[in-house]
Amino acid sequence: MTDTPFLERRKARASDAVFIFPWFETHLNAVMWAGPKVADPLTVGWLAAEFKSEAHWVWVDEDDTPQAMFKLIDKGHGCAHLTRFAVAPSMRGKGLAAGLMQEIADEAYEAGADSLTLNVYDSNAHARRIYDRLGFKIVEENDSTGDPGGPSVHMRLELEE
Ligand SMILES: CC(C)(COP(=O)(O)OP(=O)(O)OC[C@H]1O[C@@H](n2cnc3c(N)ncnc32)[C@H](O)[C@@H]1OP(=O)(O)O)[C@@H](O)C(=O)NCCC(=O)NCCS
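In structure tokens, the structure reads:
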């Protein structure tokens, strides 16, 4: 991809929220990204508070502007859970996601996990294809009662060196 910029990964900061907030224009966009418990409405203040948790990461460009992000939760017993994975709208469709996902898997492995889980909505075909290609397998279908995102599945990838 010739127009893919150099991105560097670092822990998220509260000051990143103002850049990431516009990535999700509707509540449904936010739900697709972060699940049914995401703030409604999404605000810069909510994001900034969330980013203090230490579990959020961003990839920044040469101006230190976030262009992608994720949250990695240590569930214990060697299981890491990935959530809130997103690429900035202007950077989507450039083939970035597969490499970023590999970096997330490596980060989880180096932190001591032997498996990585995530949830993805059935309607999020682009994300689902990325996870399928990386080898994530469906573990179970989630209970989608009352979930504005609709049906979703819980997936797991076994991590290895
Ligand atoms: C899902 C997401 C992370 C993929 O990142 P990406 O860097 O755009 O991924 P890719 O460039 O590999 O493209 C993925 C697919 O989207 C397609 N695509 C093309 N243009 C696109 C665009 N402007 N926007 C989104 N997807 C596009 C690609 O062709 C590719 O299709 P394929 O699976 O048939 O090959 C990104 O679309 C995103 O942030 N979405 C919103 C948040 C979200 O849904 N997160 C996942 C939660 S489980």
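When you read off a place in the sequence shown, starting at 1, and then add 26, the result is the number in the working numbering.
For each residue, glycine too, the CB sits at the ideal point set by N, CA and C.
Whole angstroms are fine: how far does the CA of Leu98 sit from the CA of Arg39? 15 Å
Report the rounded CA-to-CA distance for Arg35 versus Gly176, giving the unit in angstroms. 31 Å
Among Met181, Gly71, Ala139 and Lys78, nearest to Lys101 - alpha-carbon criterion: Ala139
Buried or exposed for Leu54, please, with buried defined as at least 16 other CB atoms from any protein chain shown within 10 angstroms of its CB. exposed
Three or more C-beta pairs below 8 Å linking the stretch 167–187 and the stretch 139–149: yes
Return yes when at least one heavy atom of ligand 1 lies under 7 Å from the C-beta of Asn150, else no. yes
Compare the C-beta of Thr171 against all C-beta atoms of chain D and say whether one is closer than 8 Å. The structure shown contains no chain D, having only a single protein chain.
My parser needs the alpha helix (DSSP H) runs of 4 or more residues fully inside the stretch 88–159; what are they? 122–136
How is Lys37 classed by DSSP in three states: helix, strand or coil? strand
His103 burial status per 10 Å Cβ neighbour count (16 or more: buried): exposed
Residue closest to Lys37, alpha-carbon to alpha-carbon, out of Phe96, Ala106, Glu184 and Leu73: Phe96
With a threshold of 7 Å, establish whether the CB of Ala81 neighbours any heavy atom of ligand 1. no
Starting from Leu68, trace the beta strand (DSSP E) in both directions and tell me its first and last residue. Per DSSP, Leu68 belongs to no beta strand (DSSP E) and is neither H nor E.
Quick one: what does DSSP say Leu54 is sitting in, helix, strand or coil? helix
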